[in-house]
Amino acid sequence: MNAMDIAVGIFLALGCFFALTGAVGIVRMPDFFSRLHPAGKNDTLAVTSIMIALLIRTVEYDYHWTVATKLLLIVGIIFVTAPAASHAISKAAFLDGLKPWTKPGDTEASNE
Amino acid sequence: MARRVSLLIALFAFWAMLSGQLDITVFGQAFLTVCGVISCLFVVWIASRMGIIDMEGHPVHLALRAIAYVPWLFWQIVLSNFDVAMRVWHPSRPIAPRIIRVPNTTRSDLATVIYANSITLTPGTVTIGVDSATNELIVHALTKETADAVLTGDMERRVKRLEGVA
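These protein sequences, in sequence, are chains A and B.
So the first sequence is numbered by this note's numbering: it starts at 1 and just counts up by one.
So the second sequence is numbered by this note's numbering: it starts at 1001 and just counts up by one.
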């Protein structure tokens, strides 16, 4: 087990942790809008960490460099599409008049 | 015209990244490279016929300043993830969601999109929509702190710097 293996393991574990956090967050959050936060964000970093781990592997095993560029491309596309999807879903709910959950007693949080 | 040339270069760089067939001393790869160049020229021709090669369709003028913006955004995303992960796993689930309206003074539509997209990616905030009548972004924030962080306008300044205004 060399340094590369350890780095790959750390990034894969981090990716799994964030993917799991996203899933748990969807269950634990109180309403639709707050569920979008773990769903939209943690998945982005989860995919990024897993791709970093795979990038290290492609360098280590001396794969053709096009493999690495495709992995980077996946990260780039996730970074653009994940917020766009979150925005589209939340806008649909907002226009439909869904009221966001607010903490009981939180007077500052205005419900428009 | 300069924008078309830069689109052609960008498309060919993209093609080269995906194919990797650039050893023109080998007949097969030279053939593929020529095919790639022809495809790129064809795409540029179609795009210019459609009139979509403009500031928005091919924002090459932002490329240099994006080098400063993207690493900062990436770091914010990492912080955001740890923050949201903490709130998900914390036993008492310390959140106080709210909807806020954020003034938006970016000039172009493209900068507004970059700003809204960045808000969604960073700590505990999701952009719901743009109110073009009052020029405000409607943002759902997970906590009061994250709402205040957006309202300080630090990110807006950075987006405007990216846009080249401030």
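Ideal placement from N, C-alpha and C gives every residue a C-beta, glycine not left out.
On a predicted model such as this, the values are computed, not experimentally measured, just so you know.
Who are the Cβ neighbours of residue 48 of chain A in its own chain at under 6 angstroms, not counting the five residues just before and after it?
Within the same chain, residue 48 of chain A has close Cβ partners 75.
Which residue or residues does DSSP assign as beta-bridge partners of residue 1041 of chain B?
Note: residue 1041 of chain B sits in no beta bridge, so no partner.
Let me check understanding here. Comparing Cα to Cα, which of A/34, A/56, A/67 and A/41 lies closest to residue 9 of chain A?
Residue A/56 is the option with its Cα nearest to residue 9 of chain A.
So what does DSSP say about residue 1056 of chain B, is it helix, strand or coil?
In this structure, residue 1056 of chain B counts as coil in the three-state DSSP scheme.
Does residue 47 of chain A come within less than 8 angstroms of chain B when only Cβ atoms are used?
False, the Cβ-Cβ gap to chain B never drops below 8 angstroms.
Decide yes or no for the touch test of the segment 1124 to 1133 of chain B against the segment 77 to 91 of chain A: beta carbon pairs closer than 8 angstroms, at least 3 of them.
The answer is yes - the segment 77 to 91 of chain A touches the segment 1124 to 1133 of chain B, with three or more Cβ pairs under 8 angstroms.
Quick one: grab the DSSP three-state call for residue 1153 of chain B.
Residue 1153 of chain B falls in the coil class under three-state DSSP.
From the DSSP secondary-structure annotation, give me the bridge partner or partners of residue 1136 of chain B.
Answer by DSSP bridge pairing, in chain order: B/1103 and B/1131.
Beta-carbon separation of residue 1096 of chain B and residue 1144 of chain B under 8 angstroms?
For residue 1096 of chain B and residue 1144 of chain B, yes; Cβs fall inside 8 angstroms.
Which bits of chain B does residue 36 of chain A rub up against, with CB to CB less than 7 angstroms?
Neighbours of residue 36 of chain A on chain B, chain order: 1126.
Please report whether the beta-carbon of residue 1140 of chain B lies at a distance below 8 angstroms from any beta-carbon of chain A.
Yes, because at least one Cβ of chain A sits closer than 8 angstroms to the Cβ of residue 1140 of chain B.
Classify residue 1056 of chain B as buried or exposed, calling it buried when 16 or more other Cβ atoms lie within 10 Å of its own Cβ.
Flag for residue 1056 of chain B reads exposed.
Could you tell me whether the Cβ of residue 1093 of chain B comes closer than 8 angstroms to any Cβ of chain A?
For residue 1093 of chain B, the answer is yes, since a Cβ of chain A falls inside 8 angstroms of its Cβ.
Tell me which residue opens and which closes the alpha helix (DSSP H) that residue 1076 of chain B is part of.
First-last of the alpha helix (DSSP H) with residue 1076 of chain B: 1063 to 1089.
Give the residues of chain A in contact with residue 1002 of chain B, contact being defined as C-beta atoms less than 7 angstroms apart.
Those within 7 angstroms of residue 1002 of chain B in chain A number zero; the least Cβ separation is about 25 angstroms.
Could you spell out where the alpha helix (DSSP H) holding residue 1109 of chain B opens and where it closes?
Looking at the DSSP string, the run of the alpha helix (DSSP H) that includes residue 1109 of chain B is 1109 to 1121.
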